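Each residue of the sequence shown is one higher than the one before, counting from 639 in the numbering used here.
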Amino acid sequence: AVGYGDGEMYLGSDAIALAPFTDNISYLEDGDWVVLTRKGAEIHDEQGAVVKRDVMKSGASSFMVDKANYRHFMAKEIHEQPEVVGHTLTRYVDMATERVALPMKLPFDFKDIQRISITACGTASYAGFVAKYWFERFARVPVEVDVASEFRYREAPVRKGDLAIFISQSGETADTLAALRYAKEQGMHTLAVVNVTTSTIARESETVMPTLAGPEIGVASTKAFTCQLMALATLAIAAGKARGELSDADEARLVHGLVKIPRLMTDALTHEAAIEKLARDIAKSKDVLYLGRGTSYPLALEGALKLKEISYIHAEGYAAGELKHGPIALIDETMPVVVIAPYDRVFEKTVSNMQEVAARGGNIILMTDAKGAEEATVDSMVTIVMPDMDAAFTPLVYAIPVQLLAYHTAV
């Protein structure tokens, strides 16, 4: 991006990088090159011709990229989640009626969509993985989730007129952008869930769902992840309603569950002191295993990614039902096993996996609710009791202790 100041010019990776200096920016397109002087910028396209690129006001500010009183940006961004997830919620839900009210007109009818493709990288791909469960449950439409670095090269057979969703915090992820261009070439409808609405992925997509997370400076994504989940949850409910799979009462119940999420996230943050104490033990470990079923499975993958990304401790996430197919061989008394298990229809199955872990001396860290803590028949090293909520949306709230555990283990 090119930044325009008063008698000075700037060049930066994006609007956030330029925020301390100017909020007047223009974005270069692929192949552009620019000559900067104190008086302005002369932009050339890849053929060398002088071109004009629109100058726009950036939404970023220097205040938004300050750590405030926090030690690290990651800590600040974890604590911002109740607020920014609430902002994202109000973007897509009518709070007065508690109904989904998408602000953008969709250029397709969900009734005509036979399959949804979700493509992303890293943490964003796990948000897409959670959304797969929602779309298939609420809208009864099959969903395929791919990491963009694989999707872009495997020439996947797709159906013209189906929907491709692309998730990216920055909106500039190279593999995701390449996957988007492939989907467009195949005649798919494209929808971007991005945090930067002026990004390339946003500009090249047919429809954009902004996440209102604000600038995310920490390398390990936190608030962007939960805002992505909130946006995708509302879209899945809208899809279910449009396809006739959800009644008015179903929609009202689900949206009411989403409306509670920001408050429940605040409640989850009250466990920070206990998690910080637990993290001192985790920090001594060489390996950590994360287990979950249903929507807790992608969250287990995300938890493992967070831990290894910032603490450099080896961690793996598995579907709890896959424990017996290999990972159980690694469990001994030195291995912490984080079990993400809200009390839901598969809770008893997860308890049986916990029994297998306990039989091999593994140290269980259980994240569940009050009912789950009461019904769990296996002793755990630590039980983090989360607030009660709609079981469909637990990843939004359980993400908080997962992130805090990784952060405090690292520091």
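For each residue, glycine too, the CB sits at the ideal point set by N, CA and C.
Fair warning: this is a prediction, and the values are worked out from it, not measured in the lab.
Given a cut-off of 9 Å on the beta-carbon distance, is the pair residue i and residue j in contact?
| i | j | result |
| --- | --- | --- |
| Gly766 | Val779 | no |
| Thr872 | Leu902 | no |
| Val723 | Leu1042 | no |
| Pro1039 | Thr904 | no |
| Pro980 | Ala1029 | yes |
| Ala657 | Val834 | no |
| Thr811 | Ala786 | yes |
| Val975 | Val1023 | no |
| Lys677 | Gly645 | yes |
| His710 | Leu907 | no |
| Thr726 | Ser859 | no |
| Gln807 | Glu854 | yes |
| Ala769 | Leu870 | yes |
| Val796 | Ile756 | no |
| Ile948 | Ala1044 | yes |
| Thr836 | Ile920 | no |
| Phe773 | Ala874 | yes |
Excluding sequence positions up to five away, which residues of its chain have a Cβ less than 6 Å from the Cβ of residue i?
| i | result |
| --- | --- |
| Leu801 | Ile751, Ile754, His827 |
| Leu939 | Tyr764, Gly955 |
| Ser1018 | Ile1002, Leu1004 |
Nearest by alpha-carbon distance to residue i: which of the options is it?
| i | options | result |
| --- | --- | --- |
| Phe863 | Ala786, Tyr764, Lys946 | Tyr764 |
| Lys1109 | Met1005, Val857, Ala876 | Outside the shown range of the chain, which is 639 to 1049, sits residue 1109, and nothing can be said about it. |
| Glu842 | Ala739, Ala817, Glu854 | Ala817 |
| Val693 | Ser651, Asn662, Gln685 | Asn662 |
| Ala890 | Val738, Glu883, Ala769 | Val738 |
| Asp813 | Val846, Ile875, Ser859, Ala758 | Ala758 |
| Tyr950 | His894, Glu684, Leu666, Lys922 | Lys922 |
| Val1020 | Gly1000, Phe1031, Thr1032, Phe746 | Gly1000 |
| Val740 | Pro848, Gln807, Tyr820 | The residue asked about is misnamed: residue 740 is Leu in this sequence, not Val. Out of Pro848, Gln807, Tyr820, Pro848 has the C-alpha closest to the C-alpha of Leu740. |
| Pro965 | Val995, Glu971, Ile948, Ser990 | Val995 |
| Phe776 | Ile756, Phe748, Val796 | Phe748 |
| Pro936 | Met973, Ala1037, Glu971 | Ala1037 |
| Asp970 | Ala958, Arg998, Ile948, His963 | Arg998 |
| Tyr771 | Pro1025, Met712, Leu867, His963 | Leu867 |
| Pro973 | Ala958, Thr660, Ala953, Ala957 | Per the sequence shown, residue 973 should be read as Met rather than Pro. Comparing Cα-Cα distances from Met973 to each of Ala958, Thr660, Ala953, Ala957, the minimum goes to Ala953. |
| Leu892 | Gly941, Tyr820, Val731 | Val731 |
| Arg792 | Ile805, Phe804, Ala821 | Ala821 |
| Pro900 | Ala942, Thr1032, Ile803 | Thr1032 |
| Val1049 | Ile681, Thr728, Met712, Gly809 | Met712 |
| Cys865 | Arg729, Leu884, His963 | Arg729 |
| Thr675 | Leu649, Thr660, Gly686, Phe659 | Leu649 |
Once the 5 residues before and after residue i are set aside, which same chain residues still bring their CB inside 8 Å of it?
| i | result |
| --- | --- |
| Ala679 | Val640, Tyr642, Met647, Ser664, Val672, Val673 |
| Thr845 | Met742, Leu744, Pro745, His827, Thr828, Leu829, Ala830 |
| Ser651 | Ala639 |
| Leu968 | Asp925, Leu927 |
| Arg691 | Val640, Ser664, Tyr665, Leu666, Glu667, Asp670, Ile681 |
| Lys861 | Glu715, Ile716, Glu718, Gln719, Val722, Val723, Ala851, Gly852, Glu854 |
Spatial neighbours of residue i within its chain, please: CB distance less than 7 Å, with the 5 preceding and 5 following residues excluded, ordered by chain position.
| i | result |
| --- | --- |
| Leu815 | Thr838, Ile839 |
| Gly825 | Lys798, Gly799 |
| Lys714 | Lys705, Ala706, Tyr708 |
| Glu823 | none |
| Val1016 | Val989, Met992, Gln993, Ala996, Ile1002 |
| Asp683 | Gly669, Asp670, Val689 |
| His894 | Glu736 |
| Lys898 | Met1027 |
| Lys944 | Ala858, Val1040, Gln1041, Ala1044 |
| Ala876 | Val738, Leu740 |
For residue i, is the beta carbon positioned less than 8 Å from some heavy atom of the ligand SAM?
| i | result |
| --- | --- |
| Ser923 | The ligand SAM is not among the ligands present in this structure, which contains no ligands whatsoever. |
May I ask you to list the residues that DSSP assigns as paired with residue i?
| i | result |
| --- | --- |
| Phe767 | Looking at the DSSP assignment, Phe767 forms no beta bridge with any residue, so it has no partner. |
| Tyr648 | Gly641 |
| Met1054 | Residue 1054 lies beyond the stretch modelled for the chain, which goes from 639 to 1049, so this question has no answer here. |
| Phe1106 | For residue 1106 there is no data in the structure shown, the boundaries of the chain being 639 and 1049. |
| Asp1007 | Met1024 |
| Gly955 | Tyr928 |
| Lys695 | Asn662 |
| Ile681 | Val672, Val689 |
| Thr845 | Leu829 |
| Val977 | Leu929, Leu1004 |
| Arg737 | Asp732 |
| Asp784 | Thr757 |
Quick one: does residue i have its CB under 9 Å from some CB of chain C?
| i | result |
| --- | --- |
| Ala953 | No chain C appears in this structure, which consists of one protein chain only. |
I'd like to know if the region 1004-1016 and the region 818-832 are in contact, where contact means that at least 3 CB-CB pairs between them fall below 8 Å. no
Quick check: the region 927-934 against the region 984-998, are at least 3 beta-carbon pairs closer than 8 Å? In this structure the region 984-998 lies against the region 927-934, because at least three pairs of beta carbons, one per stretch, are closer than 8 Å.
Given 8 Å as the limit, is there contact between the region 865-881 and the region 907-922, that is, 3 or more CB pairs closer than that? no
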